[in-house]
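The block underneath contains the structure these notes are about, expressed in structure tokens.
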Amino acid sequence: MGAGTEHALASMLRIATVRAACFDIRASKRRYSDEELSSRIRQIGRLCRSMPIAFIGRQEQRDQIDAALRRYREMSETTRTFRQRCDARAWLKTAAITR
Numbered sequence: 026m027g028a029g030t031e032h033a034l035a036s037m038l039r040i041a042t043v044r045a046a047c048f049d050i051r052a053s054k055r056r057y058s059d060e061e062l063s064s065r066i067r068q069i070g071r072l073c074r075s076m077p078i079a080f081i082g083r084q085e086q087r088d089q090i091d092a093a094l095r096r097y098r099e100m101s102e103t104t105r106t107f108r109q110r111c112d113a114r115a116w117l118k119t120a121a122i123t124r
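Going by the working numbering, 82 is the number at position 57 of the sequence shown; the sequence numbering is gapless.
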């Protein structure tokens, strides 16, 4: 997430009522360093504070997604990882209602 993407997401969250977020990273080919991953999770954490978040990824992305989830959960947020968008959406609907 670069500065432009972060700014666009922040702008959208200011003008729209958003109760949950889903990040589908299956198309990503990039492998982030621990520092880059931590930075991105902090950005997401700041922007999506207090809402459930689903990460959708491929099997080979599992180690980075798990590391991201551990960091995000340190911020006391609700998050899960999925392989399929339909499963993520079903969970987000339930998680958003219970908040």
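All C-beta atoms, glycine included, are put in the ideal place defined by N, C-alpha and C. The model shown is predicted, which means the values in this text are computed figures rather than measured ones.
Helix or strand or just coil, what does DSSP make of ILE78?
strand
For THR104, name the three-state secondary structure that DSSP assigns.
THR104 falls in the strand class under three-state DSSP.
With DSSP collapsed to three states, give me the class of ALA92.
helix
Rounded separation between MET100 and GLY70 - CA only
7 Å
Taking the C-alpha atoms as reference points, what is the distance between PHE80 and ARG105?
Straight-line measurement puts the Cα of ARG105 at about 6 Å from the Cα of PHE80.
Name the DSSP beta bridge partners of ALA46, please?
ILE78
Let me confirm a value: CYS111 is counted as buried when at least 16 other C-beta atoms fall within 10 Å, else exposed. Which label applies?
exposed
ARG55 lies in the alpha helix (DSSP H); which residues open and close that run?
First-last for ARG55: undefined, no H or E at that position.
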